[in-house]
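One structure is given below, encoded as structure tokens.
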Amino acid sequence: MMTLAPARPAARGTSSPGPASTAGTGMGTRTSGFYRHDLDGLRGVAIALVAIFHVWFGRVSGGVDVFLALSGFFFGGRLLRAAIDPATTLRPIPEVVRLVRRLLPALIVVLAAGAVLTILIQPETRWETFADQSLASLGYYQNWELANTAADYLRAGETVSPLQHIWSMSVQGQFYIALLAIIFSLAYLLRRPLGRHLRWVFIVLLSALTIASFVYAIIAHNADQAVAYYNSFARAWELTLGALIGALVPYVRWPMWVRTLVATVSLIAILVCGWLIDGVREFPGPWTLVPVGATVLFILSAANRVADPHTGGKLPAPNRLLATKPFVALGSMAYSLYLWHWPLLIFWLAYSGRDHAGFTDGAIVLLVSAVLAWLTTRYVETPLRYRAPAQRPTGVGWRTRLRRPTIVLGSVVTLLGVTLTATSFTWREHVTVERASGKELSGLSARDYPGARALLNNAKVPKLPMRPTVLEAKNDIPESTNAGCISDFDNVDVINCTYGDKDAQRTIALAGGSHAEHWITALDLLGRMHGFKVVTYLKMGCPLTTEEKPLVMGDNRPYPKCRQWNDVVMPKLLADKPDYVFTTSTRPWNIKPGDVMPSSYLGIWQQFSDAGIDVLAMRDTPWLVRNNKPYFPADCLADGGDAISCGIKRSAVLSDDNPTLNYLQRFPNLKPLDMTDAVCRPDFCRVVEGNVLMYHDSHHLSTTYVRTMTNELGRQLAAATGWW
């Protein structure tokens, strides 16, 4: 994810070669005729922070934001130099080719290695995600792929992706193309009439874009931080600010003591940012100003040093430190090191079964990452990035021998990229074909696939393959989800859909979150059989609650739109006055084993009681958690586990008694429903019963299994309602 450096670095402390018009512009890596080796060193510091914080502390260091700001400064500055120089021919195609040669070869090598490790280490249920994200990485839209995952409640418990870190490269790639189009287009139109004054057009434009993006970042951060984290528009200001600084550095005139103070403070801010700010939750909001602002100040601390008589042509001490060979060498392979360290960490954790790396194995991951990064830089990046020296050989044979290794290397990398793309599409097609057979799940034989009836009625279980299969499970979701009858994270509207006997007079309102929703399959069947309709009032991850500041269950993200939705749905439910409201009445404890009725539900029961509406209070089903993290049973089964090893102790997820029973005297309108014995055995909750996989993720029941619970749910509903 590193920034783009000049094609041929000048020797340290010397003026860079090139026309006089580029010297003193301050746009890009060269400022006032010297090469900014200190910024190469800053890249080395940033990648070290990123890798160390990822491997040992599981935190965000702010190093990625340093990279983004430097990317804007390097790339934007170089484009601006070309745009305002009338002697420079504007050629966008070579710029794009340069980007491809700079960025894709190392990325393809890492993705290819990741594909092999995925097949060797990860269960096949994870291969589709890797294929999708490989294509997204190659297409530079990985950040949007991850944003969609973050916004998808049904994928919230997925394993961390070994390609998650490539989101920042996608943001940069999109920025490069957008900035290239904007700057060159304006230069074509305005360079001749405005001349050097074109600089100010770009300064005003970049200022406006930076302010607009920063304001948007704050708004998006407050609305949904997890999605905003990957949003290109919320991140754009970090890059445009870097480009803006590239345009402004010629006008910076600070005495040496100010430069030294600024460089020292900004470097310290970059070093301690990861300790003081929880970037996972605070970025890209206002706190992102700390690493980005510190980077900008560090750039300015040594800007235009030759032209400023106060400096005597010297760098401030912190800049001199980062311009030394160790930091510059680390910075030179920062891009490859960034690419390698994260997937190696994730694959090691998956292979070892650990949640985090210790000191020794973390050090080994970092060492292997560094070795692979050096090899990638030396033998992949550098040969394909730089052209051969412009010399005239004495013979054709010499010229052919000089270029042949580069041609072979380029061909190999291209072949890897084509193979990776073809393999990804092929696996996705295979999964699509396999899931297409999932349409027959609704017609499975009750004798062959008794499901819950094996627990409740001791039904015989023949030896047959489990259904849904581990690949089918992901799509074995309620029809109401597919039909858009449940509000997603961003929607605060109440969506009413009708199931069961749509012409019936008797009504059950199915209300709350997705844990109420997954009963719709059985309720729909029962409604048709016994003459009642089911009307939905559903929102993903949002139960009926009086909680003022609700959180997303599982990762504890703030969920303000759940509060807004409750403020809308409760008056509507009370006004519609259904015969019964069907909703969940318990949740798992976050702090100890078992389940509980949250205190924020009590106000809801009181409102229904005051309105004379009875509540069919369903006890929530077990959430599958290990080491305080959710896991998918399909992943566990695909990785060699079985129904027992992939299950969980009943006492870990369910209290001895249904917590709802403790509130019946206070709220006589509660009609308790408890399907626990249709899901768990007396001491253990397996993940497969009666040849049917129970879950389609870590905590939602599969539609196929819910269908096998219809008779038991009908028995309990009959007792609660007296309708049949």
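The sequence shown begins at 1 in full-length UniProt numbering and counts up one residue at a time. Quick reminder that beta carbons are idealized off the backbone N, C-alpha and C, glycines included.
For Phe-532, the secondary structure class from DSSP, reduced to helix, strand or coil, is coil. Fewer than three pairs of CB atoms, one per stretch, sit closer than 8 Å, so the stretch 284 to 292 makes no contact with the stretch 247 to 265. Between Val-687 and His-518, the CB-CB gap reaches or exceeds 8 Å. Judged by DSSP in its simplified three-state form, Gly-512 adopts strand. Collapsing the DSSP output to three states places Lys-474 in a helix. Inclusion of Ala-234 and Pro-284 in the CB contact set at 8 Å is warranted, their separation being smaller than that value.
Counted as a single uninterrupted DSSP element, the beta strand (DSSP E) harbouring Ala-617 occupies residues 614 to 618. Here DSSP, grouped into helix, strand and coil, assigns Lys-539 to strand. Beta-carbon to beta-carbon, Leu-624 and Ile-644 are separated by about 13 Å, too far to satisfy the 8 Å threshold. A Cβ-Cβ separation of about 5 Å places Val-227 in contact with Ala-150 under the 8 Å criterion.
In the same chain as Leu-573, and ignoring 5 residues on each side of it, the C-beta atoms closer than 7 Å to its own belong to Ala-509, Ala-511, Tyr-537 and Val-581, in chain order. The beta-carbon separation of Trp-348 and Asp-361, rounded to 7 Å, stays under the 8 Å limit for a contact. Here the alpha carbon of Arg-715 sits roughly 35 Å from the alpha carbon of Glu-158. Cβ-Cβ distances below 8 Å link Leu-523 to Tyr-499, Gly-500, Ile-508, Leu-510, Val-534, Phe-582 and Leu-713 in the same chain, with the five nearest sequence neighbours on each side left out; the list follows chain order. Here DSSP, grouped into helix, strand and coil, assigns Cys-685 to strand.
Ser-487 is bridged by DSSP to Lys-539. In this chain, the alpha helix (DSSP H) harbouring Thr-264 covers 256 to 276.
Cβ neighbours of Ala-247 within its own chain (closer than 7 Å, five residues either side excluded): Met-27, Leu-80, Arg-199, Phe-202, Ile-203 and Leu-206.
The residue from Gly-603, Pro-630 and Gly-72 with its alpha-carbon nearest to that of Val-653 is Pro-630. Pro-598 sits in coil when the DSSP states are folded into three classes, being neither helix nor strand. Shown here, Val-625 sits in a strand according to DSSP, grouped into three states. Taking all protein chains in view, the Cβ of Tyr-379 is surrounded by fewer than 16 other Cβ atoms within 10 Å, so the residue is classified as exposed. For Asp-697, the closest C-alpha among the options Leu-456, Arg-102, Thr-721 and Thr-469 is that of Thr-469. Taking C-beta atoms as the reference points, Leu-300 and Ile-245 count as a pair closer than 8 Å. When DSSP states are grouped into helix, strand and coil, Ile-648 belongs to the strand group. Look at Gly-722 here: in three-state DSSP terms it is coil, with no helix or strand label. Spatial neighbours of Ala-638 in its own chain (CB-CB distance under 6 Å, excluding positions within 5 residues in sequence) are listed in chain order as Pro-123, Glu-124, Thr-125 and Val-470. Ranked by Cα distance from Trp-427, the options Ala-131, Leu-409, Ala-718 and Leu-267 are led by Ala-131.
By the 16-neighbour rule on beta-carbons within 10 angstroms, Arg-102 is buried. Excluding its 5 nearest sequence neighbours in each direction, Thr-419 has no C-beta neighbour in its own chain below 7 Å. Straight across, the Cα-Cα distance linking Ser-61 with Val-50 is about 6 Å. By alpha-carbon distance to Pro-622, the top candidate from Asn-566, Leu-661, Pro-383 and His-515 is His-515. In this structure, Val-365 and Val-55 form a Cβ contact; the two beta carbons are roughly 6 Å apart against a cut-off of 8 Å.
In the DSSP assignment, Thr-360 falls outside any beta strand (DSSP E) and within the unbroken alpha helix (DSSP H) covering 359 to 376.
Around Arg-528, the same chain offers Gly-500 and Asp-501 as residues with beta carbons nearer than 8 Å, after the five sequence neighbours per side are excluded. Between the stretch 663 to 676 and the stretch 432 to 448, the count of Cβ pairs shorter than 8 Å is below three; the stretches do not touch.
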